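Reviewing the structure listed below.
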Amino acid sequence: MLATPVIVVNYKAYPQATGPAAVKLTEALERVAHRAGASVAVAPGLVDLRHVAEATKLPCLAQHCDPIMPGAGTGHVTVEAIAAAGAKGSLLNHAERKLGLEVTQASVDRLRHVGLWSLVCAGNVAASRAAAALHPDMVAVEPPELIGGTVSVTTADPLIVSAAVRAVKDLAPDVRVLCGAGVKAGKDVRRALELGADGVLLASGVAAVAEPEKALLDLLEGLR
Ligand code: G3P
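If you want it as structure tokens, here you go:
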């Protein structure tokens, strides 16, 4: 499992984090994470996953996968395929790639079957509890309206973080809880940990900025 506290950087489909830029970005983030001795994981786009995984020791997560068995499945991405590409796990049910509970459960189970981790995203406290009931490795609570914004969930809605942490841990104490949406600075990371989270899931604050190394350095301050 990912060492916690952890910062997971989702590259989404940002052009600054796609293609050759995804590899360059990852190398830069790895330098910073390594120097700080911090736990950082990255989630590049599926097409870039193998290239990124081959270029780094940082744990790589897929942004999505499908629970279908290998075989006839045009356009689907199996857990075996992401494992072969070097992924250690996968995000599931991101607000931008919703799956529904049944498919998410099937994906969690398939990932576990091949020895990969699952990080299930949820938009609120009830959804976090429902996600925890699927027994993934991690749940990330991210209010959709704050995603990509300038105000961190830890400032805009700290209660959703602490309540999601409680809801998940009451049901499944081993499941790690991350929070995300608008997380951009060390103070946001610090607050997330104070609220009981095991780390943060973020994107634009690192994957869509001119100086990602500087951005990650600031974020890592929050882990101290
Ligand atoms: O997966 C991370 C995410 O949805 C939050 O995005 O840009 O608000 O950090 P962002």
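Its first residue numbered 34, the sequence shown is counted upward by one per residue in the numbering used here.
Each residue gets a CB set at the ideal place from its N, CA and C atoms; glycine is no exception.
Remember, predicted model here, so these are calculated numbers, not experimental data.
message: Using only CA atoms, which one of Asp203, Asp251 and Val242 lies nearest to alanine 223?
response: Residue 223 is actually arginine in this sequence, not alanine. The residue with the shortest Cα to Cα distance from arginine 223 is Asp251.
- request: Note the first and the last residue of the continuous beta strand (DSSP E) segment covering alanine 74.
  value: Start and end: 72 to 76.
Touch test, the stretch 99 to 114 against the stretch 62 to 78, Cβ-Cβ under 8 Å, three pairs minimum: no
query: Beta-carbon separation of valine 186 and glycine 232 under 9 Å?
result: Not a contact, by the Cβ cut-off of 9 Å.
- prompt: Helix, strand or coil for isoleucine 180 per DSSP?
  reply: coil
- prompt: By Cβ distance, which residues of its chain are closer than 8 Å to glycine 78, with the 5 residues on each side in sequence left out?
  reply: Tyr44, Lys45, Ala46, Ala50, Thr51, Ala55 and Gln96, listed in sequence order.
Rounded C-alpha distance that separates valine 208 from glutamate 175: The straight-line gap from Cα to Cα measures roughly 16 Å.
- request: Kindly indicate which three-state DSSP category alanine 95 falls into: helix, strand or coil?
  value: strand
field: Buried versus exposed, by CB contacts within 10 Å (16 or more), histidine 127
entry: The residue in question, histidine 127, is buried, as its Cβ has 16 or more Cβ neighbours within 10 Å.
query: Where DSSP assigns a beta bridge to isoleucine 40, which residues make up the other side?
result: Partner(s): Val73 and Val233.
message: Measuring CB atoms only, is the stretch 188 to 198 touching the stretch 130 to 140, in the sense that at least three cross pairs come out at less than 8 Å?
response: No, the stretch 188 to 198 does not touch the stretch 130 to 140.
query: Which parts of the stretch 132 to 209 are runs of the alpha helix (DSSP H), unbroken and 4 residues or longer, counting only runs that do not cross its ends?
result: 134 to 146, 158 to 165, 186 to 189 and 191 to 204
field: Residue closest to arginine 199, alpha-carbon to alpha-carbon, out of Gly213, Arg162, Gly181 and Leu249
entry: Arg162
query: Are the Cβ atoms of leucine 94 and leucine 124 separated by less than 9 Å?
result: yes
Proximity winner among Ala86, Ile40 and Pro48, relative to glycine 70 (alpha-carbon distances): Ile40
query: Say the cut is 8 Å; is the CB of alanine 128 nearer than that to a heavy atom of ligand 1?
result: yes
task: Could you tell me which residues DSSP pairs with leucine 253 in its beta bridges?
output: BP columns for leucine 253 are empty, so no partner.
- prompt: Considering only residues of the same chain and omitting the five flanking positions on each side of glycine 156, which have a CB-CB separation below 7 Å?
  reply: Same-chain partners within the cutoff: Ala128, Glu175, Pro176 and Pro177.
- request: For leucine 35, name the three-state secondary structure that DSSP assigns.
  value: coil
query: Would you report the Cα separation of alanine 116 and proline 92, rounded to the nearest angstrom?
result: Rounded to the nearest angstrom, the two C-alpha atoms are 12 Å apart.
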